[in-house]
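Undergrad: Before we start, here is the structure in question, set down as structure tokens.
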Amino acid sequence: MIDKRVADLAAAVAGIEDGATVLVGGFGDAGVPNDLVQALVEQGAKELTLVGNGAISEVVGHGRLIAEGRVRKFIASFPKGRGSKLFEPGDASESVELEIVPQGTLAERIRAAGAGIPGFYTATAFGTPLAEGKPTMEFDGNQFVLERAIQADVALIKAKTADRWGNLAYTGTARNFNPIMAMAAKRTIAQVSEIIDPDPLDPEYIVTPGIFVERVVAVADDLREEGRQ
Amino acid sequence: MIDKRVADLAAAVAGIEDGATVLVGGFGDAGVPNDLVQALVEQGAKELTLVGNGAISEVVGHGRLIAEGRVRKFIASFPKGRGSKLFEPGDASESVELEIVPQGTLAERIRAAGAGIPGFYTATAFGTPLAEGKPTMEFDGNQFVLERAIQADVALIKAKTADRWGNLAYTGTARNFNPIMAMAAKRTIAQVSEIIDPDPLDPEYIVTPGIFVERVVAVADDLREEGRQ
Amino acid sequence: MSDTKPAAEKIGLSRLQIAWRAAQDIADGSYVNLGIGMPMTIPRFLPEGREIMLHSENGLLGMGPPPAKGDEDWDLINAGTRPTTVLPGGSFFHHADSFAIVRGGHLDISVLGAFQISEKGDLANWSLGPSAARVPTVGGAMDLAAGAKQVYVLTDHCSRDGSPKIVKQCDLPLTGLACVNRIYTDLAIIDVIGEGLVVREIIEELSFADIEAQTGAALRLSDDCKALTAPEFEDA
Amino acid sequence: MSDTKPAAEKIGLSRLQIAWRAAQDIADGSYVNLGIGMPMTIPRFLPEGREIMLHSENGLLGMGPPPAKGDEDWDLINAGTRPTTVLPGGSFFHHADSFAIVRGGHLDISVLGAFQISEKGDLANWSLGPSAARVPTVGGAMDLAAGAKQVYVLTDHCSRDGSPKIVKQCDLPLTGLACVNRIYTDLAIIDVIGEGLVVREIIEELSFADIEAQTGAALRLSDDCKALTAPEFEDA
């Protein structure tokens, strides 16, 4: 029987190893698996390569892992969001290696990993500092940059509803990076507001098929930064 | 005001030019825009480059265009489906140039065109006759083939439900190539079983956002091969 | 001496007026992405009777106005991470699909801010250089610059120190090469076409020579150059 | 003379028995794609109590049994274009997402047919060569060969003319290089591992030498080689 449900957050993040590449979903306050991140902080994994759009806070989400000193490298498009106190001189985050990636390229590099595409060409960033050192190729008279897939060990994602097969549905703009991160990691762990059972999700309305998901954990009252419930 | 609805099939296919590259959706009997194809036959465009999974029949769909002598080149993974009488010696289709593409590569080449990716690398077909003459590249010790986007002038697709904004929802495996073809063409024309109005489709359940669609036409009693309604 | 400086500071469009003017050029039925800052004020100035679909790169097409206080849904936010709403006909999608819309050339217009624009339409708008800040942030700017059918830039004509923002060649880190199609400033509207920069509209207080004096690149005057005007607005 | 030939034709597993034997090796919870032909008969032989999600590359995960006559929905078909059903927990997706599942390495097992398999695990199963038919058809075979975590091949050990299908090097057009992990035939089960072909099971009627005689490539005998057996089935 297929049953991706795990009992609690500790079980959800068990086995994530030091040095892992970890995708963390979300954009702004929407779709960030804050509870899984908190569980990962408690689990103790360190020297992580963290991949996500950016840290909007040092209290929850991506920024929490950075503030706790668990991140060796951060691959992001907007690493320091409005209101974040990270990356200030003297801060613990100062030693974090940063790789800045255009947001669309970041999304496509993640999706590529999930789709078995090791590299692809894009016009984005051609001729800019963010394409420096990257191979280029001309197609039909225009220049493009070769971008590589971002393979990951673990994805921590958030969705609204799951079933025991690990199928996921989202809400609003909380979808963002979560469905593509689910595809890109060897092990995808989803926190959801609700797990329906025994009936499955409607097959027409599933955004992430359960094949991409290893564990789901229900967190009804999810952790949010104050005033952003 | 945005209103993608057109009155009839003739209006839907108006303006498609000789020599156009035309994507036609569907797999098997599911999701093939047979009525749009029939309208295109009547409209008269010829010398077409046709792109689709394959022709399962010479009576409807892709095969109809081929049987009518409108196709110069056919890019397909399974050009002659079970039961098709095309491509027999002496047949009018004998002069059609064929480009055989692995089904997943075909899908990804179409999606790439819609996503602004002129080329990508894939393991599929490496070392086989279908990769002959194509550039290759090594990533992490493995060999991959460079595949090019399939840019198109027109996509003829089929969906189940539309709204006036051109948003589309599908049913079952009739989804297949239709959503990615919608992204890949300069002009996407959709036949649907029903156009709802004035209420729009639920934004959570839309598979093809209306930005990818130029025209929608309602065909309640769609053309199918006998016994496959 | 003392009466010229205040006058020079007063002339030209306000930031809201620049946004208003750009809004007039967005046709009915357009699909548009609005960058952070001045571009985001465009929606309140869209002429009535036009239905324009706003794209928010975090996965939303058909973005509506901000919600009323108390109605915020923090799972429905805009690219600036603030709560927003969805209009009838809107849709949600994931980030790769959202940037397929951008990078695949499906947006009619992307409206961006600028630090510098070159005479070839190169844009610099994401970084003031390696020394300016410890943490660079690019977001979707490079995708929006490279991908949209038309890129409009909304900017003050000159920096606060008076130096031109429209230059022969950008010295700040680039966002994209030859990507800008039209520049709306407080003083003029300038198109980037194959041969260079063409001035389409100038505020009534200034001459073409005045615009040239405040621009760091060669300009051509359009044959049918018009007066750049806008209604007065109270700043919110 | 006359009593050896009929005996030689009778020994070995039937096509249904080969499918049955392969089905026993598919673990509970596996995600599996079944190719056209012999692989498609596997579902009826899956041991009870195992929940296995079948992937159909035309956009379906959780494929069920064929519908009852009269219940066909021609918008819900399998990769062989015949009506099918969807089981609880199933989902629909478009072709690029469906092949992302295949090519991204998410399927546990892809089960394919074969014309030839080389000792390195090269597979030829899509074309009998340029002269054989005017119209080549490849479908998803190359994606399934390249993408799945494990590729199982179900095949008769020899062609109808008695020539071996397991060969040193394929002379038919390849489907994929070094992609096959395990071969189920009417006579044996053979694993492709780094060093070559290892025989895991042989039918009781034959010896390792017999298998070698019907194989065109070097074989090694597994230390714990077992008897290959299967229950009897009536052909449908």
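Protein chains in written order, with the working numbering: chain A, 367 to 595; chain B, 367 to 595; chain C, 110 to 345; chain D, 110 to 345.
Note that CB positions come from ideal geometry on N, CA and C, so glycine has one too.
#1: What is the rounded straight-line gap between the Cα of Lys114(C) and the Cα of Ala521(B)?
#2: Verify whether the separation of the beta carbon atoms of Val183(C) and Pro175(C) is less than 9 Å.
#3: For a quick check, are the C-beta atoms of Val141(C) and Leu125(C) less than 9 Å apart?
#4: Taking Cβ-Cβ distances shorter than 7 Å, what residues in chain A pair up with Ser200(D)?
#5: Hey, does Gly385(B) have any beta-carbon neighbour from chain C nearer than 9 Å?
#6: Straight-line CA distance for Phe57(C) to Asp134(C)?
#7: Comparing C-alpha positions only, which one of Val379(B), Ile577(B) and Pro545(B) sits nearest to His215(C)?
#8: Output the distance between the C-alpha atoms of Ile562(B) and Val573(B), rounded to the nearest integer angstrom.
#9: Please report the distance separating the alpha-carbon of Asp565(A) from that of Asp529(A).
#10: Going residue by residue through the stretch 235–288 of chain C, where are the continuous alpha helix (DSSP H) segments of at least 4 residues, counting only ones entirely within it?
#11: Of all Cβ atoms in chain D, is any one closer than 9 Å to the Cβ of Leu416(B)?
#12: If contacts are defined as beta-carbon pairs under 8 Å, then Ser207(C) and Glu166(C) qualify, I think. What distance do you get, rounded to the angstrom?
#13: Is DSSP giving Asp333(D) helix, strand or coil here?
#14: With distance defined between alpha-carbon atoms, name the residue in Gly213(C), Lys335(C), Asp270(C) and Thr294(C) nearest to Leu221(C).
#15: Between Glu160(D) and chain A, is any beta-carbon pair separated by less than 9 Å?
#16: Using DSSP's beta-bridge definition, name the partner residues of Asn508(B).
#17: Do the stretch 464–479 of chain B and the stretch 436–449 of chain B meet, that is, are 3 or more Cβ pairs less than 8 Å apart?
#18: Once you ignore the five residues that flank Val379(A) on each side, which residues in its own chain have a CB closer than 7 Å to its CB?
#19: Determine, for Arg130(D), whether the minimum Cβ-Cβ distance to residues of chain A falls below 9 Å.
#20: Answer with buried or exposed for Met367(B), where buried requires no fewer than 16 other C-beta atoms within 10 angstroms of its C-beta.
#21: With Met547(B) as the anchor, note down where its alpha helix (DSSP H) starts and where it stops.
#22: Is the beta carbon of Phe393(A) within less than 8 Å of some heavy atom of the ligand GTP?
#23: Is the stretch 447–466 of chain B touching the stretch 474–483 of chain B in the sense that three or more CB pairs, one from each, lie closer than 8 Å?
#24: Tell me which residues of the stretch 140–168 of chain C have at least one Cβ-Cβ distance to chain A shorter than 9 Å, keeping chain order.
#25: Report yes if the CB atom of Thr539(B) is closer than 9 Å to the CB atom of Phe201(D), and no otherwise.
#26: Name the DSSP bridge partner or partners of Phe578(B)?
#27: Can you name the residues that DSSP bridges to Gln557(A)?
#28: From the beta carbon of Gly483(B), is the nearest beta carbon of chain A less than 9 Å away?
#29: Using a beta-carbon distance cut-off of less than 8 Å, what residues from the stretch 229–252 of chain C approach chain B?
#30: Whole angstroms are fine: how far does the CA of Ser423(B) sit from the CA of Gln509(A)?
#31: Listing by chain order, which chain A residues have their CB less than 9 Å from the CB of Phe505(B)?
#32: What is the DSSP secondary structure of Ser200(C), reduced to helix, strand or coil?
#33: Counting Cβ pairs, one atom from each stretch, are 3 or more of them under 8 Å apart for the stretch 484–498 of chain B and the stretch 277–289 of chain D?
#34: To the nearest angstrom, report how far apart Arg448(B) and Pro239(D) are at their CA atoms.
#35: Chain G beta carbons: is any one of them nearer than 9 Å to that of Gly470(A)?
#36: Using a Cβ-Cβ cut-off of 7 Å (strictly less than) and excluding sequence neighbours within five positions of Glu314(C), which residues of its own chain qualify?
TA: So, from the listed chains and residues:
#1: Taking the third sequence and counting its residues from 1, one reaches residue 114(C) at position 5. Taking the second sequence and counting its residues from 1, one reaches residue 521(B) at position 155. Since pLDDT at Lys114(C) reaches only 47, below the 50 mark, its modelled position is unreliable, and the value read off the structure follows with that caveat. Going by the C-alpha atoms only, they are around 59 Å apart.
#2: Locating residue 183(C) in the third sequence gives position 74, counting from the first residue. Locating residue 175(C) in the third sequence gives position 66, counting from the first residue. This sequence places Trp at residue 183(C); Val is not what is there. The answer is no: Cβ separation not under 9 Å.
#3: In the third sequence, residue 141(C) corresponds to position 32, counting from 1. In the third sequence, residue 125(C) corresponds to position 16, counting from 1. No. Outside cutoff.
#4: For the purposes of this step, residue 200(D) is identified with residue 91 of the fourth sequence, where counting begins at 1. For Ser200(D), the C-beta contacts it makes with chain A under 7 Å involve Asn533, Pro569, Ile572 and Pro575, in order along the chain.
#5: Position 19 of the second sequence, counting from 1, holds the residue named residue 385(B). Not closer than 9 Å to any Cβ of chain C, the Cβ of Gly385(B) fails to qualify, so no.
#6: The structure shown does not extend to residue 57(C), since chain C spans only 110 to 345, so no value can be given for it.
#7: Here residue 215(C) is taken as the residue at index 106 of the third sequence, counted from 1. It is Ile577(B).
#8: Walking along the second sequence from the start, residue 562(B) turns up at place 196. Walking along the second sequence from the start, residue 573(B) turns up at place 207. The alpha-carbon atoms of Ile562(B) and Val573(B) are separated by roughly 15 Å.
#9: Within the first sequence, the letter at position 199 stands for residue 565(A). Within the first sequence, the letter at position 163 stands for residue 529(A). Approximately 8 Å between the Cα atoms of the pair.
#10: Taking only runs of at least 4 residues, the alpha helix (DSSP H) segments lying wholly in the stretch 235–288 of chain C are 250–256.
#11: In the second sequence, the residue the question calls residue 416(B) occupies position 50. With 9 Å as the cut-off, Leu416(B) does not count as an interface residue toward chain D.
#12: Counting from one through the third sequence, the residue named residue 207(C) turns up at place 98. Counting from one through the third sequence, the residue named residue 166(C) turns up at place 57. Confirmed, Cβ separation roughly 5 Å.
#13: Here the question's residue 333(D) lines up with position 224 in the fourth sequence. Strand at Asp333(D).
#14: In the third sequence, counting from the first residue as 1, residue 221(C) sits at position 112. Looking at the Cα atoms, Thr294(C) is the closest of the given residues.
#15: In the fourth sequence, residue 160(D) corresponds to position 51, counting from 1. Taking Cβ atoms only, chain A reaches closer than 9 Å to Glu160(D), which makes this a yes.
#16: Translated into positions along the second sequence, residue 508(B) becomes position 142. Looking at the DSSP output, Asn508(B) shares a beta bridge with Phe505(B).
#17: Taking 8 Å as the limit for Cβ pairs, the verdict is that the stretch 436–449 of chain B does touch the stretch 464–479 of chain B.
#18: Residue 379(A) sits at position 13 when you count from the first residue of the first sequence. The beta carbon of Val379(A) sits closer than 7 Å to those of Leu402, Ala405, Leu406, Gln409 and Ile555, all from its chain and outside the five residues before and after it, given in chain order.
#19: Walking along the fourth sequence from the start, residue 130(D) turns up at place 21. Chain A contact via Cβ: absent.
#20: In the second sequence, counting from the first residue as 1, residue 367(B) sits at position 1. The residue in question, Met367(B), is exposed, as its Cβ has fewer than 16 Cβ neighbours within 10 Å.
#21: Position 181 of the second sequence, counted from the first residue, corresponds to residue 547(B). That run of the alpha helix (DSSP H) goes Asn544 to Ala550.
#22: Absent from the structure shown: the ligand GTP. Ligands present: none.
#23: The answer is no - the stretch 447–466 of chain B does not touch the stretch 474–483 of chain B, with fewer than three Cβ pairs under 8 Å.
#24: Taking 9 Å as the Cβ-Cβ cut-off against chain A, the residues of the stretch 140–168 of chain C that qualify are Ser165, Glu166, Asn167 and Gly168.
#25: The residue labelled residue 539(B) in the question sits at position 173 within the second sequence. The residue labelled residue 201(D) in the question sits at position 92 within the fourth sequence. Thr539(B) places its beta carbon less than 9 Å from that of Phe201(D).
#26: By one-based count along the second sequence, residue 578(B) stands at place 212. Per DSSP, Phe578(B) has no beta bridge partner at all.
#27: Taking the first residue of the first sequence as position 1, residue 557(A) is located at position 191. Note: Gln557(A) sits in a beta bridge opposite Lys524(A) and Val583(A).
#28: What you label residue 483(B) is simply residue 117 of the second sequence in a count that begins at 1. Here residue 483(B) turns out to be Ile, not Gly, going by the sequence shown. Closer than 9 Å to some Cβ of chain A, the Cβ of Ile483(B) qualifies, so yes.
#29: Listed by position along the chain: nothing, the set is empty.
#30: What you label residue 509(A) is simply residue 143 of the first sequence in a count that begins at 1. What you label residue 423(B) is simply residue 57 of the second sequence in a count that begins at 1. Put simply, the backbone Cα of Gln509(A) is about 41 Å away from that of Ser423(B).
#31: Against the second sequence, residue 505(B) aligns to sequence position 139. Close to Phe505(B), with beta-carbon spacing below 9 Å, are these residues of chain A in chain order: Pro484, Gly485, Arg514 and Ala515.
#32: Here residue 200(C) refers to the residue found at position 91 of the third sequence. Three-state result, Ser200(C): strand.
#33: Because the criterion of three Cβ pairs below 8 Å is met, the stretch 484–498 of chain B and the stretch 277–289 of chain D touch.
#34: Stepping through the second sequence from its first residue, residue 448(B) is reached at position 82. Stepping through the fourth sequence from its first residue, residue 239(D) is reached at position 130. It is roughly 20 Å from the alpha-carbon of Arg448(B) to the alpha-carbon of Pro239(D).
#35: In the displayed structure, chain G is absent; the protein chains listed are A, B, C and D.
#36: For the purposes of this step, residue 314(C) is taken as residue 205 along the third sequence, with counting starting at 1. For Glu314(C), where only same-chain residues beyond five positions count, the Cβ hits under 7 Å are Ile120.
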